[in-house]
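In our numbering, the protein residues as written are 2 to 497. In this text, a Cβ means the ideal position worked out from N, Cα and C, and glycines have one as well. Here the structure is laid out as structure tokens; the discussion comes afterwards.
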């Protein structure tokens with residue numbers, strides 16, 4: 002078992018990085034040193050404080066700096082950090098860094114330091130831990146500056162940038178990202194294909210920064226640049242971040258189709274990376290499906306189907322089901338029963354548009370049978386405010402989706418009869434057609450006379466047609482009940 006394997010067992014899945022260390026390859030050394038080291042490992046679980054002292058004693062037994070001392074210091078530092086002995090962890094990390102120049106190989110030291118920084122990042126739980134973590138990064142950069150280890154320099158700076166992003170230190174972050182972008186370019190300012198993976202990680206951090214600061218203009222340009230990087234083989238989580246921000250950007254522009262595409266790609270990448278963010282992005286995908294007004298079930302694809310019955314997204318599943326069935330009461334019930342759904346700011350900002358669409362469709366469906374109705378009637382049926390009813394009706398009338406007039410004083414709406422307006426239009430077209438035939442019938446060659454005759458016959462035809470229309474209508478038209486009476490609100494007559 003390597004010197005990091007037991008950390009994996011103690012800490013669960015979070016410490017998966019340590020499986021890459023090859024410390025279990027015994028490279029010789031004094032038996033007493035080995036015994037002291039492995040004895041300390043046996044003590045870690047039950048007596049971590051004593052184990053730290055034992056690990057720190059390993060370097061003292063070596064005549065000169067070597068592998069065993071390096072291993073002992075690593076284990077001591079990890080324990081000290083977990084026990085919140087941050088000042089001691091920093092002190093011993095400084096000592097550890099003196100081994101990387103000569104005591105251990107370049108590849109081994111780079112891998113060990115990188116995994117150490119990963120460990121620190123994952124176990125930092127408070128502000129003091131974050132300050133300690135920042136000091137670790139600073140010491141690492143100072144130590145490796147003279148070794149020309151560009152790969153570790155890039156990795157450490159990216160970790161530092163991520164820390165500043167978490168702490169919302171945007172000014173320092175912006176400067177660091179600019180430095181990292183330059184490091185990922187060639188001398189002529191073009192992207193270096195050999196550093197494409199690092200470049201995408203830098204882009205993802207910058208995209209997150211602009212998303213948090215709501216700089217949409219810079220965000221869009223940066224997103225497009227990130228998608229143009231083709232030389233990289235990025236970690237799927239990085240692409241998940243980039244695509245998620247792209248989806249949110251498209252949502253702000255009301256480009257629902259593009260947003261849906263990006264959210265799907267983001268979900269697929271997060272899923273591949275095993276990131277829990279896949280659940281949240283799947284909710285965004287469902288939200289976009291409703292905003293598009295699509296009848297396609299978002300859980301029909303092979304990638305999303307396994308999550309259809311996942312309890313973490315049950316509310317969104319019920320919501321899209323009610324939406325696609327035009328069940329306004331079912332939709333409202335899901336929202337009322339799942340207040341935590343709106344805890345996500347992005348969902349809270351966009352769900353109002355979905356709700357408005359649902360209520361608009363419900364109003365159209367509700368008033369379809371009537372020639373006149375009270376706005377209070379809609380308020381009661383849909384359980385929404387009078388102001389919102391007026392707003393929806395105004396939107397429908399202006400958009401020619403509902404032909405009617407609002408009587409604010411009476412609080413009623415009178416629907417215009419489509420058949421009457423269509424018949425009037427047809428009669429006008431007919432009269433114009435009759436007027437256009439007059440020159441052919443008379444054929445007297447007098448242009449002025451033709452025009453006067455045309456006007457006269459057209460006026461006669463229109464008046465006659467409208468007169469006939471009025472006599473046929475006998476007043477307002479509307480749906481008839483079985484008794485032949487026009488139907489308005491229940492218990493109320495239609496307007497005469």
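Quick one: what's got a C-beta closer than 8 Å to residue i's C-beta in the same chain, skipping five residues either side?
i, result
"residue 314", "280, 283, 284, 287 and 308"
"residue 244", "263, 264, 266, 267 and 270"
"residue 417", "404, 405 and 406"
"residue 91", "133, 136, 137 and 140"
"residue 39", "none"
"residue 83", "49 and 124"
"residue 174", "162, 165, 166, 206 and 210"
"residue 300", "306, 308, 309 and 318"
Tell me which residues share the same chain as residue i and place their Cβ nearer than 7 Å to its Cβ, disregarding the 5 neighbours each side in the sequence.
i, result
"residue 94", "78, 137 and 140"
"residue 240", "270"
"residue 163", "206"
"residue 96", "74"
"residue 236", "274"
"residue 219", "211"
"residue 145", "153 and 154"
"residue 168", "131"
How should residue i be labelled, buried or exposed, when 16 other C-beta atoms within 10 angstroms of its C-beta is the threshold for buried?
i, result
"residue 476", "Only weak support exists for where residue 476 lies, its pLDDT of 40 falling under 50; the coordinates are left without a value."
"residue 190", "exposed"
"residue 117", "buried"
"residue 60", "buried"
"residue 76", "buried"
"residue 293", "exposed"
"residue 514", "Residue 514 is absent from the model: the chain starts at 2 and stops at 497."
"residue 272", "buried"
"residue 261", "buried"
"residue 251", "buried"
"residue 387", "exposed"
"residue 276", "buried"
"residue 413", "buried"
"residue 343", "exposed"
"residue 349", "exposed"
"residue 390", "buried"
"residue 351", "buried"
Could you work out which residue in the options is closest to residue i when comparing CA atoms only?
i, options, result
"residue 357", "342, 392 and 374", "392"
"residue 170", "129, 213 and 145", "213"
"residue 397", "223, 369 and 182", "369"
"residue 411", "376, 323, 275 and 145", "376"
"residue 81", "45, 329 and 99", "45"
"residue 157", "126, 35, 113 and 187", "113"
"residue 185", "195, 176 and 177", "195"
"residue 332", "310, 384, 344 and 378", "384"
"residue 222", "180, 208 and 298", "208"
"residue 35", "301, 54, 72 and 86", "72"
"residue 129", "58, 159, 86 and 106", "86"
"residue 56", "37, 64 and 316", "37"
"residue 68", "53, 31, 47 and 54", "31"
"residue 65", "43, 33, 89 and 100", "100"
"residue 296", "324, 303, 131 and 219", "324"
"residue 409", "400, 394 and 399", "394"
"residue 255", "102, 238, 115 and 355", "355"
"residue 330", "311, 367 and 298", "367"
Do residue i and residue j have their C-beta atoms within less than 9 Å of each other?
i, j, result
"residue 211", "residue 227", "no"
"residue 289", "residue 257", "yes"
"residue 247", "residue 224", "yes"
"residue 165", "residue 183", "no"
"residue 41", "residue 70", "no"
"residue 373", "residue 415", "yes"
"residue 233", "residue 201", "yes"
"residue 249", "residue 347", "yes"
"residue 107", "residue 150", "yes"
"residue 340", "residue 365", "no"
"residue 362", "residue 322", "no"
"residue 253", "residue 302", "no"
Excluding sequence positions up to five away, which residues of its chain have a Cβ less than 6 Å from the Cβ of residue i?
i, result
"residue 161", "138"
"residue 319", "335"
"residue 187", "193"
"residue 242", "205"
Handout entry: alpha helix (DSSP H) segments (min. 4 residues) lying fully within the segment 82–139
Key = For secondary structure counted as the alpha helix (DSSP H) over 4 or more consecutive residues, the segment 82–139 holds these complete runs in sequence order: 87–98 and 107–124.
Exercise for the section: Please list the segments of the alpha helix (DSSP H) lying wholly inside the segment 289–334, counting only runs of 4 or more residues, in order along the chain. Expected result: Taking only runs of at least 4 residues, the alpha helix (DSSP H) segments lying wholly in the segment 289–334 are 315–325.
Problem - 3-residue-minimum beta strand (DSSP E) runs that sit fully inside the segment 207–234, ordered along the chain - result: List check, beta strand (DSSP E) in window: nothing returned.
Practice task
At 3 residues or longer, and completely inside the segment 255–289: list those beta strand (DSSP E) runs for me, N to C.
Solution key: None, since the segment 255–289 contains no complete beta strand (DSSP E) of that length.
Handout entry: Segments of 3+ residues assigned as beta strand (DSSP E) that fall wholly inside the segment 179–207
Key = As far as the segment 179–207 is concerned, it has no whole beta strand (DSSP E) run of at least 3 residues.
Handout entry: Secondary structure, beta strand (DSSP E): runs of 3+ residues fully inside the segment 332–387
Key = Inside the segment 332–387, DSSP marks whole beta strand (DSSP E) runs of 3 or more residues at positions 373–375, from first to last along the chain.
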